[in-house]
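To start, the structure under review is shown below, and the notes come after it.
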Amino acid sequence: MKKILIAILLVFALITLSFPDSALAAGDAAKGKMVFNANCNACHQGGVNRVIPMKNLSKSALEKFGMYSAAAIIKQVTYGKGSMPRFGGRLKPDQIEDVAAYVLQQADQGW
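Reminder that position 104 of the sequence shown reads as 103 in numbering that gives the first Met the number 0, one-by-one numbering, no gaps.
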């Protein structure tokens, strides 16, 4: 029984790891686009970063700075960091998940 459980967990882990995090993002990218346009566009229109240009929202920059995952984006948007303001409290958790899904989708498509 223990071996079967371990085998099932191993298969689940392998399947989960075979998908990029952007494919597993829980949010709704279409809803995220609306939230992004209303709250993030001033600094990040088209995936740019008007404050720190090298930390833009391109896939390569997100990967370089350890931000190419829904979890990392959700944390950044919720709590802020550096010049990025926090949006936790202003946006609902599901809205932040939607933004993360949208950002990852756009990064994958090259904005």
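Heads up, the beta-carbon is just placed ideally off N, CA and C, and yes, glycines get one too.
Since this is a predicted model, take the numbers as computed values, not measurements.
For K1 and Q91, the rounded distance between their alpha carbons: For clarity, residue 91 is Lys in the given sequence; the question names Gln instead. About 41 Å.
Anticipated Cβ contact below 8 Å, V47 with N55, distance rounded: 5 Å
Under the three-state DSSP convention, the category K91 falls into: coil
Selection from M83, T77 and Q44 that minimises the alpha carbon distance to R89: T77
Limits of the unbroken alpha helix (DSSP H) element including V76: A69 to Y78
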